[in-house]
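Asks: Numbering (my numbering), first residue to last: 9 to 352.
The C-beta atom is built at its ideal place from N, Cα and C for all residues, glycine as well.
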Ligand SMILES: NC(=O)c1ccc[n+]([C@@H]2O[C@H](COP(=O)([O-])OP(=O)(O)OC[C@H]3O[C@@H](n4cnc5c(N)ncnc54)[C@H](O)[C@@H]3O)[C@@H](O)[C@H]2O)c1
């Protein structure tokens, strides 16, 4: 059936359930790779993230992040809000919306539930980066620190691309670790799933470790990881300074976004003049980032293995990946006549 024209002066709302269904037809790693490759030649663009932070009445940290971006002719922004206390009240930590705009008039044309897309694009960026530094099909041992949505989504995606034999999870909440282990056993039935009693024990033998916690206190030092391990530092404040400065190969998604960030450790090290960007002179007593993910995917990154030690990826998070995935979901929704038209 051909795509029907949009009703006049209306926009299409896609609920979380509709987004999840439409995402099944999309390869998120392919989409984020294409967005990375579109950036250097101007087919995509990002702006700095805007962040509003506050303390919720229960004393936990809350925030609202707004990430505008363009991917090809898809313009929009992600609004992703989170409160650390939500899981204790039975709610997801993060909720979000993605707003897509008409390229001709700039009027909003779509509002998509954003939590699923945000989690999936984050995992897809990790897997794209991992695939650029390792043979995905050969990966057998993975550790996940933090048993929340990000770890779950990473494991779901890794399960489809790797040959997992062992999955180890550690969470400061034993209940969340146990819940995660049960879900992981169903998700990856061929793997042995265990709960570790410490983060160190979890990452000790892992080829790939995913840090997806809510810590703001780095705790994961260089000597916990095998020399040939990869740490996907998704929550950005797990790796300690000695790991970021001493790892064999340090990868970021976007150096400018990392450099502008005043809150996470790598941004603070950059602002203190101790970490420089890819291709820049190495600061005395510090280091340069080795590569951005996009350069690795384009085959332009410096060779791996020059310096012994683990690979660390530090993905700040780029709105262009949310908009790219959302644009595919929106197009699929129009094709399938999914969603609810709302008057503008
Ligand atoms: N870099 C990116 O692009 C990006 C994108 C999305 C989310 N994130 C980050 O990923 C993190 C995880 O998000 P989520 O949605 O899975 O959160 P979540 O609340 O669903 O899960 C986090 C889990 O980590 C556990 N935890 C907290 N501190 C821990 C510690 N020190 N050691 C072990 N476990 C610990 C919690 O008990 C919880 O189960 C957040 O910090 C979020 O900001 C990063």
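Once the 5 residues before and after residue 344 are set aside, which same chain residues still bring their CB inside 8 Å of it?
Replies: 30, listed in sequence order.
Asks: In terms of residues, what are the limits of the beta strand (DSSP E) holding residue 84?
Replies: Its beta strand (DSSP E) spans residues 82-91.
Asks: Have a look at residue 186 and residue 177 and give me their C-alpha separation to the nearest angstrom.
Replies: The alpha-carbon atoms of residue 186 and residue 177 are separated by roughly 9 Å.
Asks: State yes or no: is the C-beta of residue 210 within less than 8 Å of the C-beta of residue 151?
Replies: Yes.
Asks: Going by Cα to Cα distance, which pick from 173, 120, 131, 192 is closest to residue 146?
Replies: Among 173, 120, 131, 192, the Cα nearest to that of residue 146 is on 173.
Asks: Would you call the CB atoms of residue 1 and residue 247 closer than 8 Å?
Replies: This structure leaves residue 1 out entirely; the chain is present only between 9 and 352.
Asks: Using DSSP's beta-bridge definition, name the partner residues of residue 322.
Replies: The partner list for residue 322 (beta bridge, DSSP) reads 260.
Asks: Sort out for me which residues DSSP pairs residue 200 with in a bridge.
Replies: BP columns for residue 200 point to 174.
Asks: Ends of the alpha helix (DSSP H) at residue 183?
Replies: Residues 182-195.
Asks: With respect to the beta strand (DSSP E) encompassing residue 117, which residues constitute its N-terminal and C-terminal limits?
Replies: Run containing residue 117: 116-121, per the beta strand (DSSP E) assignment.
Asks: Flag this pair as yes or no: are the beta carbons of residue 87 and residue 101 separated by less than 8 Å?
Replies: No, Cβ-Cβ distance for residue 87 and residue 101 is not below 8 Å.
Asks: For residue 162, report the span of its alpha helix (DSSP H) as first-last.
Replies: It spans 157-169 - the alpha helix (DSSP H) in which residue 162 sits, taken as one unbroken run.
Asks: So for residue 26, helix, strand or coil by DSSP?
Replies: Note: residue 26 maps to helix in three-state DSSP.
Asks: Suppose the cutoff is 7 Å on Cβ atoms and the five residues either side in sequence are ignored; what does the same chain contact list for residue 193 look like?
Replies: Excluding sequence neighbours, residue 193 sits near 201.
Asks: Near residue 137, which residues of its chain fall below 8 Å by C-beta distance, leaving aside the five closest residues on each side in sequence?
Replies: Closer than 8 Å at Cβ, skipping near neighbours: 240, 259, 261, 301, 304, 321, 323.
Asks: Look at the alpha carbon of residue 183 and the alpha carbon of residue 207, and state the distance between them as a whole number of angstroms.
Replies: For residue 183 and residue 207, the distance between alpha carbons rounds to 15 Å.
Asks: Check the C-beta distance from residue 22 over to residue 341 and give it rounded, since I have them as a contact under 8 Å.
Replies: The Cβ separation is near 6 Å, so the contact holds.
Asks: At a cut-off of 7 Å, would you count residue 159 as near ligand 1, judging by its Cβ distance to the nearest heavy atom?
Replies: It does: the Cβ of residue 159 is within 7 Å (strictly closer) of some heavy atom of ligand 1.
Asks: How many Å lie between residue 227 and residue 153 at the Cα?
Replies: Whole-angstrom Cα-Cα distance: 11 Å.
Asks: Please work out which residues of its chain come closer than 7 Å, Cβ to Cβ, to residue 221, disregarding the five sequence neighbours upstream and downstream, and give them in chain order.
Replies: 153, 154, 243, 246.
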